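Numbering (the working numbering), first residue to last: -14 to 259. Every residue, glycine too, gets a C-beta built ideally from N, C-alpha and C. As the structure is a prediction and not an experimental result, all values here were calculated from the model. Data first, discussion second: the structure below is written as structure tokens.
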Ligand code: HPA
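Below you can see the structure in the form of structure tokens.
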């Protein structure tokens, strides 16, 4: 079956069960699932009920599509994301993002947990993604291009939309959060980086490092969806921090710091309200 047929099947299943899907979407990263606790009138559809959706195998990544309202803004959340390091193809990793695009999503906020590389960053900081370095070795646009989805060679010059970044900065100022800005480096994982890799990434211009977001950002931009990205700095990257990295530490730190990120995201989504 062609990718656009698979997308159509998933879209029809979602619309049949959930009705119309809001035009603003949020992908929830590690430990940021708490955003859904602040939503009202929620409806939830497990990924297992959507044809073509795969379930994440990672602790802290529930797999369901959740619609609802946050303050006055209707949103749809992808609660649970698929990562390249789980062994899925880049096309599987971005399938849910593409289906949201087919359902009419125009704006996508991608969130993640990341390690801080910039020496001024501290655990608990929030960073707007200004640009990325794709070191995953994968790109979701490889293979035949479906011209109905987007162009063969999309320009990524403004992949993290300038207007949305301006709104993020306004929201940070409204909520009293010191928002960091920086370049996000995407590694394949699942091992954390070595100190030498972090020194390399620092020299190449990375401010934060993680294992997600970039595939979805590329696929969404390819489809003409406006993309914004936020990283919650859950730890200092290898070699910068003297302590060993663990997924439990990252998840715990994300949970602690997620309150201010939720305030920021709520304010930001309010500014998108038509
Ligand atoms: N490296 C890669 N991914 C991460 C990190 C890190 O230090 N922290 C959270 N996700």
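Assign residue i to one of two classes, buried (16 or more other C-beta atoms within 10 Å of its C-beta) or exposed (fewer than that).
{"i": "residue 223", "result": "buried"}
{"i": "residue 189", "result": "exposed"}
{"i": "residue 181", "result": "exposed"}
{"i": "residue 179", "result": "exposed"}
{"i": "residue 107", "result": "exposed"}
{"i": "residue 158", "result": "exposed"}
{"i": "residue 196", "result": "buried"}
{"i": "residue 229", "result": "exposed"}
{"i": "residue 127", "result": "exposed"}
{"i": "residue 161", "result": "exposed"}
{"i": "residue -13", "result": "exposed"}
{"i": "residue 72", "result": "exposed"}
{"i": "residue 219", "result": "buried"}
{"i": "residue 201", "result": "buried"}
First and last residue of the beta strand (DSSP E) that includes residue i?
{"i": "residue 219", "result": "211 to 221"}
{"i": "residue 170", "result": "164 to 172"}
{"i": "residue 193", "result": "193 to 195"}
Nearer than 6 Å: is that true of the beta carbon of residue i relative to any heavy atom of the ligand HPA?
{"i": "residue 177", "result": "yes"}
{"i": "residue 119", "result": "no"}
{"i": "residue 196", "result": "yes"}
{"i": "residue 219", "result": "yes"}
{"i": "residue 100", "result": "yes"}
{"i": "residue 205", "result": "no"}
{"i": "residue 222", "result": "yes"}
{"i": "residue 212", "result": "no"}
{"i": "residue 235", "result": "yes"}
Could you spell out where the alpha helix (DSSP H) holding residue i opens and where it closes?
{"i": "residue 255", "result": "232 to 257"}
{"i": "residue 202", "result": "199 to 207"}
{"i": "residue 187", "result": "180 to 188"}
Whole runs of the beta strand (DSSP E) within the segment 75 to 154, excluding any shorter than 3 residues: Counting whole runs of 3 or more residues, the segment 75 to 154 contains the beta strand (DSSP E) stretches 92 to 101, 111 to 120.
Every unbroken beta strand (DSSP E) within the segment -8 to 79, with a cutoff of 3 residues, ordered by chain: The segment -8 to 79 contains these whole beta strand (DSSP E) runs: 9 to 13, 25 to 31, 49 to 55, 58 to 64.
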